[in-house]
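Below: one structure, written as structure tokens.
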Amino acid sequence: PGSAFTRRDGELLVGGVGLRDLAERFGTPLHALDEEEVRRRCQAFRRAFPGADVAYAGKAFLCRAMAGWVAEEGLALDVCSAGELAVARAAGFPAGRILLHGNAKTPEDLHDALEYGVGRIVVDSFHEICRLATLRPASRLLVRVTPGVDGHTHAAMNTGVDGQKFGFPLSTGAAAEAVRRVLAQPGLTLGGLHCHLGSQITGAAAYEEAVRRMVALLAAVREEHGVTLDELDLGGGFGVAYRPGEPELDPETAGEAIGKTLRAACAEHRTPVPRLTIEPGRAIVARAGVTVYRVLGVKRGLVAVDGGMSDNPRPGLYGARYTARLVGRRTTCAEREVTVVGRHCEAGDVLARDVPLPADVRPGDLLAVPVTGAYHHAMASNYNLVRRPPVVGVGFGRARLLVRRETPEDLLLRDVG
Ligand code: LLP
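Reading the sequence shown from the start, the letters are residues 6 to 422 in the UniProt record's numbering.
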């Protein structure tokens with residue numbers, strides 16, 4: 006993990022740029038994002054899933070530059086709000102290659118998506134089918150199915166099982182009923198089926214089981230309605246290692262297992278093989294990101310830095326674990342285990358527990374936390390009215406500001422009372 010790093014003369018580089026130089030130029034905390042790594046991951050997924058439509062899940066991280074890289078690499082884009090759509094639009098992302106998601110799409114989400122002409126809308130409730138029937142979108146619809154498959158991941162992101170808020174359960178017949186209702190509407194075009202098992206899934210078995218269940222449903226639809234749906238979207242969720250030794254789902258392994266299972270299941274059901282769509286978010290961008298902090302204080306094995314839960318809420322939300330490394334200074338000092346904490350007014354504001362760092366780590370030092378490209382800046386808040394860090398794009402030996410640091414004026418702009 007953190008493979009985006011290279012070392013030169015004791016300095017850590019990402020995208021060919023030294024992290025100490027980045028800190029001097031852009032201040033701390035900062036998110037660095039390695040464009041070359043993002044592009045490599047896009048290419049890896051396209052290679053691993055030949056013939057499939059690979060849609061980057063923008064919720065993991067989106068800005069105009071990111072949307073541009075993804076578009077150039079030939080990916081589609083999954084958005085789940087009018088906000089993500091607005092960024093995609095500003096980047097000129099081709100409308101036909103955008104999918105709109107959401108279990109509770111707002112009128113604004115739908116209005117903007119239809120106005121821009123997004124290619125696909127993933128429907129998630131009977132009410133939404135009624136609403137869309139009156140709007141008569143030109144977009145193809147995918148019905149989001151809950152296949153009843155456990156992704157064996159954190160409960161907050163285990164979305165393939167019954168009893169959570171997303172999708173039409175397969176087990177109750179709701180999925181088949183949703184297909185029936187969409188097909189019954191002359192103004193709606195059903196393109197296929199969708200499921201998303203969850204996030205940070207580290208084995209292919211759950212995907213294979215989902216494929217078998219989804220293909221059975223495709224075959225049942227064909228039998229009941231005489232309609233052959235030509236798209237099967239399996240969502241995202243491909244897991245990533247955050248620390249050395251942790252498991253991760255290699256795209257190639259996943260692609261092979263999924264492709265094989267898909268062909269076998271379609272043969273068994275005597276139904277044509279649909280076009281696959283996948284929606285990786287984390288696996289595209291997580292490892293491209295590194296966050297650089299400055300140490301502000303050290304006491305009792307606690308190293309306090311100038312960021313925290315406002316730029317990384319994941320330890321608090323999911324018990325996520327990270328590593329940290331000293332940047333920009335050489336030391337021969339032995340390492341000891343410390344806990345890296347943030348600057349926020351909560352005891353739970355911990356960034357990384359039990360990480361080995363040189364025992365002489367001191368205020369002014371820089372720390373780098375790798376694998377912070379996905380669901381970090383995207384989930385950043387202004388808690389304690391702390392300003393969100395910038396995102397600096399690095400690659401090809403150069404650095405370029407993509408998203409600037411927030412200013413006190415930014416915070417006051419919305420304070421209009
Ligand atoms: N497609 C759909 C419909 C999704 O809901 C998601 C993620 C993805 C694709 C992309 O999943 P990925 O490949 O990134 O795992 N905030 C959590 C992750 C929540 C994921 C939500 N949905 C975290 O920080 O771990």
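The beta-carbon is built from N, C-alpha and C at its ideal position, and this holds for glycine as well.
Please confirm if residue i has its CB atom under 7 Å from at least one CB of chain D.
| i | result |
| --- | --- |
| Asp167 | This model lacks chain D altogether; it includes just one protein chain. |
With respect to the beta strand (DSSP E) encompassing residue i, which residues constitute its N-terminal and C-terminal limits?
| i | result |
| --- | --- |
| Leu406 | Arg403 to Val408 |
| Thr296 | Gly294 to Lys304 |
| Asp83 | Ala81 to Val84 |
| Arg358 | Val355 to Pro363 |
| Thr60 | In the sequence as presented, Thr is not what sits at residue 60; that position holds Ala. Segment Asp58 to Ala62, the beta strand (DSSP E) holding Ala60. |
| Pro375 | Leu371 to Pro375 |
| Arg248 | Unbroken run through Arg248: none, as it is neither H nor E. |
| Ala37 | Leu35 to Asp39 |
| Ile283 | Arg280 to Ile283 |
| Ala87 | Where Ala87 is concerned, there is no enclosing beta strand (DSSP E), although the alpha helix (DSSP H) it sits in stretches over Ala87 to Ala95. |
Around the C-beta of residue i, are 16 or more other C-beta atoms found within 10 angstroms, so that it is buried, or is it exposed?
| i | result |
| --- | --- |
| Cys47 | buried |
| Ala189 | exposed |
| Leu417 | exposed |
| Val343 | buried |
| Ser86 | buried |
| Val421 | exposed |
| Pro279 | buried |
| His382 | buried |
| Cys350 | exposed |
| Pro99 | exposed |
| Pro34 | buried |
| Thr11 | exposed |
| Ala368 | In the sequence as presented, Ala is not what sits at residue 368; that position holds Pro. By the neighbour-count rule (16 or more Cβ atoms within 10 Å), Pro368 is not buried but exposed. |
| Thr276 | buried |
| Asp129 | buried |
| His132 | exposed |
| Arg393 | buried |
| Gly241 | buried |
| Ser315 | buried |
| Gly7 | Legend: pLDDT at Gly7 = 44, less than 50; position of this residue unreliable, value from coordinates given subsequently. By the 10 Å Cβ count, Gly7 comes out buried. |
| Thr266 | buried |
| Asp415 | exposed |
| Gly306 | exposed |
Given a cut-off of 7 Å on the beta-carbon distance, is the pair residue i and residue j in contact?
| i | j | result |
| --- | --- | --- |
| Arg125 | Arg149 | no |
| Val297 | Leu24 | yes |
| Val58 | Ala81 | Before going further, note that residue 58 is Asp rather than Val in the sequence given. Going by C-beta atoms, Asp58 is nearer than 7 Å to Ala81. |
| Gly378 | Val290 | yes |
| Asp167 | Gly178 | no |
| Val332 | Val308 | no |
| Val84 | Leu105 | yes |
| Leu147 | His230 | no |
| Gly294 | Leu38 | yes |
| Lys374 | Ala329 | The amino acid occupying residue 374 in the given sequence is Val; Lys does not appear at that position. Their beta carbons are under 7 Å apart, which means Val374 touches Ala329 by this criterion. |
| Phe54 | Ile283 | yes |
Over the uninterrupted alpha helix (DSSP H) stretch that includes residue i, give me the two end residues.
| i | result |
| --- | --- |
| Tyr121 | Pro112 to Tyr121 |
| Leu418 | Pro413 to Leu418 |
- Message: With three or more beta-carbon pairs closer than 8 Å as the criterion, would you say the region 209 to 217 touches the region 256 to 264?
- Response: A contact exists between the region 209 to 217 and the region 256 to 264.
- Query: Would the region 397 to 411 and the region 324 to 339 be scored as touching if the rule is three or more Cβ pairs under 8 Å?
  - Reply: At 8 Å Cβ cutoff, the stretches do not touch.
- Message: Would you call the region 358 to 374 in contact with the region 331 to 344, where contact means no fewer than 3 C-beta pairs closer than 8 Å?
- Response: Yes, since at least three Cβ pairs between the region 358 to 374 and the region 331 to 344 fall closer than 8 Å, the two stretches touch.
- Query: Would you call the region 298 to 306 and the region 242 to 256 in contact, with 3 or more CB pairs under 8 Å?
  - Reply: no
- Task: Spell out a yes or no on whether the region 126 to 145 and the region 156 to 163 are touching, meaning 3 or more CB-CB pairs, one atom from each, closer than 8 Å.
- Result: no
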